[in-house]
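In our numbering, each residue's number is its place in the sequence shown (first place is 1) plus 301.
Here a beta-carbon is modelled for each residue, glycine too, at the ideal position from N, C-alpha and C.
Notes to accompany the following structure.
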Amino acid sequence: MHQSINNLVSIQNTLKIEKKDSNQTKIIAVSKTFPINEILPLINHGQVHFGENKVQEALEKWQPIKQDFKHLQLHMIGKLQSNKVKFVVGLFDYIHSLDSLKLAKKISEEQKKFKKKLKIFIQINIGNESQKSGIDEAELNEFHKICINELELDIIGLMCLPPQNGDTKKYFSKMKNLAERIDVKELSMGMSNDYLEAAKYGATYLRIGSKIFGNRN
């Protein structure tokens with residue numbers, strides 16, 4: 302069995318032991334920088350959700366894959382520039398990094414052209430870090446209303462990248478409260494180093510790369 306499959310099964314088993322409703326938690330295999338031959342064993346094993354953070358790399362890699370495997374769900378997890386939105390709407394199924402009104406308007410515009418609706422997460426700047434993108438907590442309610450009412454976006458949840466050296470429990474707990482506040486069901490949080498903690502605090506999508514594929518070169 303391919304090592305990445307062993308790694309994925311190990312994560313799934315850990316989640317089952319630690320979290321009673323682990324079936325509600327989806328694992329996104331973050332395949333950025335990894336070639337098709339590293340991804341195919343996971344697809345053949347039954348993995349459905351994959352994540353990429355660079356549009357150009359995703360186009361080259363995933364357009365041929367998705368022609369053969371139409372059931373796959375592709376997640377845009379990196380910062381998204383407005384001029385790349387048309388490519389993302391064409392190829393991807395989810396966006397995890399909606400972080401501005403300008404971007405929301407562009408996504409809405411392109412979705413109408415493609416006659417396609419992606420599932421979207423609003424990115425929250427949960428640690429109020431100047432170097433990170435995201436909507437401030439205080440602006441969330443108003444931003445969410447504009448997205449769903451005026452722009453007709455399918456906002457399914459919230460996403461965060463907590464501070465690297467911070468208390469992740471505190472931030473994950475805060476994210477859960479924010480999701481309840483605006484009545485969304487999904488939480489995209491938790492990566493290779495903190496996925497278990499995130500799952501305990503209600504994460505429904507875990508973005509896991511190195512813990513599945515190994516370290517990137």
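1) Whose C-alpha, out of G503, N466, I457, is nearest the C-alpha of K320?
2) Contact between the region 435–446 and the region 490–505: three or more CB pairs below 8 Å?
3) Do the region 442–455 and the region 406–424 meet, that is, are 3 or more Cβ pairs less than 8 Å apart?
4) What does DSSP give as the partner residues of I447 in its beta bridges?
5) Please specify which runs of the beta strand (DSSP E), each continuous and at least 3 residues long, are wholly inside the region 309–349, giving them in chain order.
6) Within 10 angstroms of the Cβ of K486, are there 16 or more other Cβ atoms? Answer buried if so, exposed if not.
7) So what does M460 bridge to, in DSSP terms?
8) Quick one: is D400 buried, meaning 16 or more other Cβ sit within 10 Å of its Cβ, or exposed?
9) What does Y395 pair with, by DSSP beta-bridge criteria?
10) Have a look at M460, Q313, I408, V390 and flag the residue whose alpha-carbon is nearest the alpha-carbon of L360.
The short version:
1) Taking the Cα of K320 as reference, the smallest distance to any Cα among G503, N466, I457 is reached at G503.
2) Below 8 Å, too few C-beta pairs join the region 435–446 and the region 490–505 to call them touching: fewer than three.
3) Verdict: yes, contact present.
4) Beta-bridge annotation (DSSP): I447 is not paired with any residue.
5) Segments of the beta strand (DSSP E) lying fully in the region 309–349: 327–331.
6) It counts as exposed.
7) Bridge partners of M460: Q424, S489.
8) Buried.
9) Answer is H376, K420, bridged to Y395.
10) That would be V390, whose Cα lies nearest to the Cα of L360.
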